[in-house]
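I have placed the structure first, in the form of structure tokens, so that the comments after it can refer back to it.
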Amino acid sequence: MTTATPAAPASVEMIRKLVGFPTVSRDSNLDLIEFVREYLRPYDADVRLSFDDDKRKANLFATLAPGNAAGIVLSGHTDVVPVEGQAWGTDPFTVVEKDGRLYGRGTADMKSFIACALVLAPEFMARGLKVPLHLACSYDEEVGCLGIGRLLADLAHAGIHPHSCIVGEPTMMKPVVAHKGKKSYRCTVRGLAAHSAYAPHGVNAVEAAAEAVAYLKQMARRHRDHGPFDKSFDVVHTTVHTGVMRGGTALNIVPHECTFDFEFRYLPGDDPEALLREFTKYIGTVLEPEMQATDAAAGFVIEPLSEILALDTGLETEVVALAQELTGSDEIGKVSFGTEGSQFQRAGIATVVCGPGSIEQAHKPNEYITLDQVAQCEAFLRRLADRICDKK
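Now the structure itself:
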């Protein structure tokens, strides 16, 4: 979909306001949620909040008239990734407009979609909705889609059952019908400390961890070379990745503990449990026997960190046809990154992912979205209004 229409000043201003809330996942998002609730108050939206256990974070679910049965959800997460250690050229929480771009943390991922939906909410109301339209703003997506489950449980308890959902993650306004799942883990290796001059008397946890990570790399290469493959994805195979490793206290001490975090990002239909079984079998049959010959207490402990289910929406689904109609293109995509869309799908809500901006800008210093992408999102939502409102 292309457009020559510039982004509306109201949308740009709303993006500025939302980015100005530093809603890094570790921090509260309540100021942003309260801002959205107050913004919607004059339009008589039915607003529900669902909180985390500490009452520091909240999801917001707003229903625009008429009623709250069925309807379409426009969904986005309010949290953003940290900026520490990144070489930003500007204040990441103050939007800077330059050369047709809006720079700031969350501009691409994914506050611009939320901003456009909020700005156009009054227009949806004024044009007379024929079916309910819902706005969902979640917390803690960036740390494992933790908030959306609570939102969906609250909706189920309240008897609210939307029939479809558009998750506005950055896809360059291209409908995405599938994404990979992700399961992440933390592995703690327990060895036996010793003076490095007597290294054979100890169990080196760092070396054992290194062998385990090397095996994960072998698994990654096998999937890269032998599949299974799905050429519809940007990364066509399941991936295995180790991202964090910590261990040891001094060079002259045999390290007694080492931890590393790893993940599987798997194609829909692939079995992440089979991947984990393969890895734990290698640990149990190859690494631990050697370690425990020196110290029976040595070994590995693996604990889950987070899970994002795979999304796989059927091409015949009504929401896919709707997204194609709204973008003006039959083109669809599949992506390697995960979204909350899979949890909507598991709750029985047919879901596509379609939003402004590029995932290539997400999580990076000097994150930005182009004004053209904002304008395309506005046009997409106005076409939705044409479809579900009485007044043209």
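Quick note: the sequence shown uses my numbering, first residue 3, plus one each step. Every residue, glycine too, gets a C-beta built ideally from N, C-alpha and C.
Residue i in three-state terms, based on DSSP
i           : result
residue 72  : coil
residue 366 : coil
residue 361 : helix
residue 393 : coil
residue 141 : coil
residue 162 : coil
residue 260 : strand
residue 342 : coil
residue 214 : helix
residue 356 : coil
residue 351 : coil
residue 64  : strand
residue 12  : helix
residue 245 : strand
residue 336 : strand
residue 295 : coil
residue 238 : coil
CA-to-CA distance, residue j to residue i, given in whole angstroms
i           : j           : result
residue 268 : residue 376 : 31 Å
residue 44  : residue 38  : 11 Å
residue 32  : residue 144 : 16 Å
residue 60  : residue 53  : 4 Å
residue 12  : residue 120 : 10 Å
residue 6   : residue 81  : At residue 6 the pLDDT is 46, less than 50, meaning the model places this residue with poor confidence; the figure from the coordinates comes in the next sentence. Roughly 31 Å separates the two Cα atoms.
residue 84  : residue 25  : 9 Å
residue 23  : residue 295 : 55 Å
residue 3   : residue 175 : With a pLDDT of 44 at residue 3, under the threshold of 50, the modelled position of that residue is not reliable, and no figure is offered here.
residue 323 : residue 330 : 10 Å
residue 148 : residue 252 : 37 Å
residue 157 : residue 346 : 11 Å
residue 241 : residue 277 : 11 Å
residue 162 : residue 312 : 24 Å
residue 172 : residue 358 : 5 Å
residue 17  : residue 378 : 15 Å
residue 226 : residue 150 : 32 Å
residue 365 : residue 317 : 30 Å
residue 351 : residue 341 : 14 Å
Exposure of residue i, with buried meaning 16 or more beta-carbon neighbours within 10 Å
i           : result
residue 291 : exposed
residue 339 : buried
residue 79  : buried
residue 218 : buried
residue 211 : buried
residue 320 : exposed
residue 15  : exposed
residue 166 : buried
residue 369 : buried
residue 197 : exposed
residue 182 : buried
residue 152 : buried
residue 337 : buried
residue 302 : buried
residue 86  : exposed
residue 154 : buried
residue 55  : exposed
Same chain, Cβ closer than 8 Å to residue i, five either side skipped, listed in chain order
i           : result
residue 199 : 254
residue 206 : 193, 256 and 257
residue 122 : 380, 383, 384 and 387
Cβ pair residue i, residue j closer than 8 Å
i           : j           : result
residue 187 : residue 274 : no
residue 208 : residue 77  : no
residue 9   : residue 380 : yes
residue 131 : residue 72  : no
residue 142 : residue 27  : yes
residue 115 : residue 391 : no
residue 179 : residue 315 : yes
residue 221 : residue 309 : no
residue 88  : residue 367 : yes
6 Å Cβ shell around residue i - same chain, five flanking residues per side excluded
i           : result
residue 65  : 48, 134 and 136
residue 325 : 177, 354 and 356
residue 92  : 98 and 105
residue 260 : 191, 207, 208, 211 and 249
residue 373 : 9 and 102
Same chain, Cβ closer than 7 Å to residue i, five either side skipped, listed in chain order
i           : result
residue 124 : 45
residue 21  : 95, 97, 106, 107, 108, 109 and 113
residue 62  : 35, 38, 39, 49, 51 and 139
CB contact below 8 Å: residue i versus chain C
i          : result
residue 84 : The displayed structure is made up of one protein chain only, and chain C is not part of it.
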